[in-house]
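Student:
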Amino acid sequence: MTRLVDVVDLRPGASSGIDPDGPAIRNVASRIVVVDLASRSAENHSRYHQLATIGQVREIVLVLVGPMTTDEHGSPALRLSSMLGQACVTLWVGSEVGVRWEGGTDRGRQSEPEVEDGLADLLRVLGSRPVFDEVVRRVREIPFHVASPATDVVHPSVQPAELTTLLLRALRQMSGTNDQAPASEEPAAGKRAGTGTAAAVVPRSPLHRRRAAAQQRLADAVAATAALRRWNGAFTTGGDAACERVALAGAALEAHRTIALEAVSLVQRLPAPDDDALAAMGVPHPQAVDHSAVAATTGALLKGRLRSGSLLGASRALRHLANSQAGRDANVNAFTTRVALERPESARANRWSPVLAVLPVVLATCFATAALPVSGIAAGPVSAALWLGLLAFLLTRRPPGGPATGKVLAVVGATAVAGVAGGLLVPPMVPVPEPFEALVCGLSVLVSLTALVLVWRAQVDRWTSTLLLGQAATVHEGLVGLVDEFVVGRQGSADLRRRTADAALLLAGGCDDVRAVFTETCSESPVDGDVRTGNHHDLVDVIHRDLERISTTALDESVRAIASGAPLTAEPGLVALRARTLTKEYVDYLRRSGGHRRPPMGAVDARGALEEAFWEDSVDARRVLKASGREEMRQLCHLSDIRRLNPDWSGVRVIRFAPEHVLELFGVIGHEIVDTDQDVVGVLRLVPLRRDVVRRVAPPLSADPGGDL
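Residues in the sequence shown are numbered from 1 upward in steps of one, following the UniProt record's numbering.
(1) Under DSSP, the beta strand (DSSP E) around E59 begins and ends at which residues?
(2) Quick check on this structure: which residue in R230, G313 and R591 has the alpha carbon closest to the alpha carbon of L163?
(3) Going by DSSP in three states, A200 sits in which element: helix, strand or coil?
(4) Less than 7 Å between the C-beta atoms of S111 and R124, yes or no?
(5) Residues in its own chain within less than 7 Å of R580 by CB, not counting five upstream and five downstream?
(6) Pull up the DSSP beta-bridge partners for W101, would you.
(7) Pull up the distance between the alpha-carbon of G13 and that of P688, whole angstroms please.
(8) Nearest to A314 by CA position, among L372, L166, R515 and H291, is which residue?
(9) Where does I142 sit, in a helix, a strand or coil, going by DSSP?
(10) Give me the Cα-Cα distance between E185 and R211, rounded to the nearest whole angstrom.
(11) Quick check: the Cα distance between D538 and A170, rounded to an integer number of angstroms?
(12) Of the residues P700, V693, R656 and E134, which one's Cα is nearest the Cα of P73?
(13) When the Cα atoms are used, what is the spatial distance from S16 to V7?
(14) Within the chosen definition, does the segment 659-679 reach the segment 139-152 through at least 3 CB pairs nearer than 8 Å?
(15) With a cut-off of 8 Å on the beta carbons, I'd call V61 and V33 a contact; round off their distance for me.
(16) For V5, which residues in the same chain have their Cβ closer than 8 Å to its Cβ, ignoring the five residues on either side in sequence?
(17) Please name the residue, chosen from R307, R644, R245 and I259, that lies closest to L469 on a Cα-to-Cα basis.
(18) Quick one: residues in its chain with C-beta nearer than 7 Å to the C-beta of L84, no 5 flanking neighbours on either side, listed in chain order?
(19) Given G510, which residues of its chain have a CB within under 6 Å of its CB, disregarding the five upstream and five downstream residues?
(20) So, helix, strand or coil for V694, using DSSP?
(21) Which of the three DSSP states is assigned to G282 in this structure?
(22) Please report the straight-line C-alpha distance between L582 and R172, rounded to a whole angstrom.
(23) Between which two residues does the alpha helix (DSSP H) containing F486 stretch?
(24) Using 6 Å as the cut-off, classify the Cβ of D9 as near or not near the heavy atoms of the ligand NAD, replying yes or no.
(25) If you drop the 5 nearest sequence neighbours on each side, which residues of the same chain put their C-beta closer than 7 Å to that of A277?
(26) For the segment 479-492 against the segment 560-576, are there 3 or more C-beta pairs whose distance is under 8 Å?
(27) Cα separation between D9 and D679?
(28) Give me the DSSP bridge partner(s) of R79.
(29) If we ignore side chains and look at the alpha-carbon of each, how far apart do P284 and L321 end up?
(30) Please state if the CB of A317 and the CB of L306 are separated by a distance shorter than 7 Å.
(31) My understanding is that E660 touches D675, with C-beta atoms under 8 Å, so please give their C-beta distance in whole angstroms.
(32) For the segment 255-264 against the segment 204-223, are there 3 or more C-beta pairs whose distance is under 8 Å?
(33) Going by C-alpha to C-alpha distance, which of W387, P156, R229 and V480 sits closest to V201?
(34) Looking at the secondary structure, which residues open and close the beta strand (DSSP E) in which V31 lies?
(35) Which two residues bound the contiguous beta strand (DSSP E) that contains I655?
(36) Please state whether the Cβ-Cβ distance between S444 and A392 is less than 7 Å.
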């Protein structure tokens with residue numbers, strides 16, 4: 001920031017302003033305010049000469065503080081060095097607190113205790129280039145170019161010490177001690193990058209082929225078991241074919257499970273996944289990173305946390321974001337063992353149940369056909385043979401796992417023989433017409449076929465009840481989701497997540513650096529922060545916004561590096577140096593211009609309403625701008641010094657000053673009021689000294705005035 005007016009304080013032990021013995025003295029502004037003790041002004045010839053001969057210095061205001069010395073006759077005198085030449089005008093401040101005096105014949109009275117002394121007000125307004133220039137011009141109209149200043153300054157609601165206390169409060173709030181990112185959920189701007197990716201496994205890759213094969217084999221197995229249950233299932237699919245398709249489905253599902261778990265292990269490998277091995281399996285390479293989006297995401301999180309919290313909170317939120325990019329390990333507990341497509345033997349139903357259920361039907365049909373008077377001797381054995389033949393065919397086509405074929409045929413054959421024998425041995429009770437015998441034979445055949453179909457379905461249902469095709473389909477879908485969401489999604493966003501984590505850690509480290517600078521600024525403040533302040537929550541909020549802007553500005557280079565796509569490496573001390581420079585400029589600006597006027601590094605539109613509201617309601621500001629200089633003001637001298645002033649009004653000069661926006665607000669532009677670049681309204685009264693108290697003192701002839709700086 002360009003300096004318009006610099007202060008050089010020559011008083012012993014002075015800590016403000018530019019060090020007169022430091023290297024910065026060579027680069028002072030063209031306008032300087034030199035502060036010295038009145039008792040030393042006739043002895044500092046060498047120092048004055050050095051300042052006056054700095055090439056760029058055009059104007060000097062010498063502020064002499066303290067009581068006058070005495071001349072050779074013992075009379076009070078203000079002894080001035082002649083080494084500052086015509087470029088210098090002098091303001092004598094006999095007392096830093098001053099007295100209340102109207103000028104003229106008024107005897108004056110002691111000033112009431114002030115939060116800040118009058119010298120601080122004077123030096124502050126002299127820091128404004130327009131006021132400085134006007135003071136130089138007006139004092140040159142006064143004899144000897146020497147005057148005693150009186151001040152009446154209206155600050156925007158807070159005095160400098162109070163403003164410093166508010167600044168320290170805002171710095172501590174901005175640094176933060178207890179602020180932290182939410183532990184239960186991630187910040188809105190800090191959700192894990194790369195979720196919801198549209199990437200999928202590469203077609204015709206090993207992963208894709210095994211996934212498709214498992215899906216097709218499971219569908220074939222389901223279709224085969226459904227076809228097997230139909231009435232003609234024994235003549236079409238058959239149990240062996242269905243069993244084979246179930247076995248193929250199990251093998252395909254196991255192959256899918258194996259490659260899926262292998263992909264999971266590869267993507268979870270530390271320190272980084274094996275991209276080539278994953279690509280060979282069919283997992284796409286990581287997607288290209290949109291570095292601007294990463295910068296926008298992390299920058300938004302930074303600004304959001306600074307606005308609602310502190311640098312500590314922002315640092316924690318950014319680290320939380322970085323940690324979340326690692327994600328959680330996949331839950332593979334459901335896929336760690338081979339998927340069985342059949343229940344264990346102990347869980348199966350009684351295998352003889354369908355056979356036992358059909359025996360009464362076999363007995364009844366064989367008995368009924370054998371008992372026919374005319375055709376029974378042939379129909380009975382045919383019925384028994386039909387049962388055994390069809391049952392033998394079904395048993396050869398049935399699914400596995402039932403009772404042995406021989407045993408079933410033996411049991412059914414014995415039952416059929418018993419039925420036939422019983423029918424043949426029972427004598428006919430009444431004559432039976434031939435058509436009735438044909439009807440009985442047809443019904444027996446129909447009942448036998450129906451019973452055999454029911455037995456077939458019972459056998460198929462018993463077998464399919466042992467299958468776990470539904471659970472297998474669920475496992476298959478789980479593997480698909482695991483690969484798509486965890487493996488493909490995680491691998492597709494791997495570079496994005498790594499970049500986001502690196503960016504978040506870079507900004508988190510920067511927040512820590514800025515926080516350290518703010519803490520250092522608090523510890524170095526000359527005010528301990530315990531000055532009593534009024535209710536200035538709005539101003540604290542404004543300063544907080546300014547500190548937000550300083551923080552984000554100090555981190556701008558980091559955000560630009562994130563957006564550029566360049567490797568992210570933190571340069572030690574760079575952010576801290578930038579933050580320290582901005583903070584020093586800001587603190588200096590507050591001390592010079594107050595908190596109601598936006599500094600160059602401050603937040604935009606953070607204080608407009610606050611400032612306007614204050615000045616609109618300021619009765620003192622309106623009074624000061626209408627002052628003629630004859631009012632009671634704080635004259636910077638002791639009561640005993642008033643008699644050393646020349647109260648003749650014709651020699652007194654009055655300077656009123658205010659910022660342009662206040663002049664526009666009050667409608668007093670052009671009324672001989674200096675437009676200052678500070679956020680204060682005030683009036684200076686410059687009273688000449690009596691001619692007999694001003695002495696010009698030249699250095700001794702033997703003295704060396706000193707060389708140029």
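Think of the CB as a built atom: it goes at the ideal place given N, C-alpha and C, for glycine as much as any other residue.
Computed from a predicted structure; not experimentally measured.
Tutor: In short, the structure shows the following:
(1) As a first step, residue 59 must be located in the sequence shown, where it is residue number 59. Segment E59 to V65, the beta strand (DSSP E) holding E59.
(2) Position 163 of the sequence shown, counting from 1, holds the residue named residue 163. The candidate whose alpha carbon is nearest that of L163 is R591.
(3) In the sequence shown, residue 200 corresponds to position 200, counting from 1. Here A200 sits in coil by DSSP.
(4) Counting from one through the sequence shown, the residue named residue 111 turns up at place 111. Counting from one through the sequence shown, the residue named residue 124 turns up at place 124. No; because the gap between Cβ atoms is not below 7 Å, this pair is not in contact.
(5) The residue you call residue 580 lines up with position 580 of the sequence shown. Around R580: V517.
(6) Residue 101 sits at position 101 when you count from the first residue of the sequence shown. W101 is bridged to M633.
(7) As a position in the sequence shown, residue 13 is number 13, starting the count at 1. As a position in the sequence shown, residue 688 is number 688, starting the count at 1. Cα to Cα, the separation comes out at about 30 Å.
(8) By one-based count along the sequence shown, residue 314 stands at place 314. The option with the nearest alpha carbon to A314 is R515.
(9) In the sequence shown, residue 142 corresponds to position 142, counting from 1. Of the three classes helix, strand and coil, the one that applies to I142 here is coil, per DSSP.
(10) In the sequence shown, counting from the first residue as 1, residue 185 sits at position 185. In the sequence shown, counting from the first residue as 1, residue 211 sits at position 211. Because the pLDDT at E185 is just 40, under 50, the model does not fix this residue reliably, and the point stays unresolved.
(11) Stepping through the sequence shown from its first residue, residue 538 is reached at position 538. Stepping through the sequence shown from its first residue, residue 170 is reached at position 170. So the two alpha carbons sit approximately 11 Å from each other.
(12) Translated into the one-based positions of the sequence shown, residue 73 becomes position 73. One detail in the question is off: residue 73 reads as His in this sequence, not Pro. That would be V693, whose Cα lies nearest to the Cα of H73.
(13) The count along the sequence shown starts at 1 and reaches residue 16 at position 16. The count along the sequence shown starts at 1 and reaches residue 7 at position 7. Approximately 8 Å between the Cα atoms of the pair.
(14) no
(15) On the sequence shown, position 61 is the one that residue 61 refers to. On the sequence shown, position 33 is the one that residue 33 refers to. Between V33 and V61 the Cβ distance is about 5 Å, and since that is below 8 Å, they are a contact.
(16) On the sequence shown, position 5 is the one that residue 5 refers to. Only A29, R31, I32, V33, L126, G127, S128, R129 and F132 meet the Cβ criterion.
(17) Working through the sequence shown from its first residue, we reach residue 469 at position 469. The shortest C-alpha separation from L469 is found at R245.
(18) Counted from its first residue, the sequence shown places residue 84 at position 84. Taken in chain order, the residues that qualify are Y48, A52, I60 and L62.
(19) Here residue 510 refers to the residue found at position 510 when the sequence shown is read from its first residue. Contacts found: L555, S558 and V575.
(20) Stepping through the sequence shown from its first residue, residue 694 is reached at position 694. Strand.
(21) Locating residue 282 in the sequence shown gives position 282, counting from the first residue. Coil, per DSSP.
(22) Reading the sequence shown from its first residue, position 582 is the one you call residue 582. Reading the sequence shown from its first residue, position 172 is the one you call residue 172. Answer to the nearest angstrom: the Cα atoms are 17 Å apart.
(23) Translated into positions along the sequence shown, residue 486 becomes position 486. It is not in any alpha helix (DSSP H) - F486 carries neither H nor E in the DSSP assignment.
(24) Among the ligands in the structure shown, none appear at all, so the ligand NAD cannot be discussed.
(25) Position 277 of the sequence shown, counted from the first residue, corresponds to residue 277. The answer, listed in chain order, is L266.
(26) no
(27) If you number the sequence shown from 1, residue 9 lands on position 9. If you number the sequence shown from 1, residue 679 lands on position 679. Near 23 Å, if we compare the C-alpha coordinates of D679 and D9.
(28) Here residue 79 corresponds to residue number 79 of the sequence shown, with the count starting at 1. Note: R79 sits in a beta bridge opposite R695.
(29) If you number the sequence shown from 1, residue 284 lands on position 284. If you number the sequence shown from 1, residue 321 lands on position 321. Distance between the alpha carbons of P284 and L321 is about 25 Å.
(30) Working through the sequence shown from its first residue, we reach residue 306 at position 306. Working through the sequence shown from its first residue, we reach residue 317 at position 317. Against a cut-off of 7 Å, the Cβ pair of A317 and L306 comes out as no contact.
(31) Indexing the sequence shown from 1 puts residue 660 at position 660. Indexing the sequence shown from 1 puts residue 675 at position 675. Contact flag correct, Cβ pair sits at about 5 Å.
(32) yes
(33) Taking the first residue of the sequence shown as position 1, residue 201 is located at position 201. Residue V480 is the option with its Cα nearest to V201.
(34) Your numbering for residue 31 matches position 31 in the sequence shown. Checking the sequence shown, residue 31 turns out to be Arg, not Val. R31 -> beta strand (DSSP E) spans R31 to L37.
(35) Within the sequence shown, the letter at position 655 stands for residue 655. From DSSP, the beta strand (DSSP E) with I655 extends over R653 to A658.
(36) By one-based count along the sequence shown, residue 444 stands at place 444. By one-based count along the sequence shown, residue 392 stands at place 392. Contact: no.
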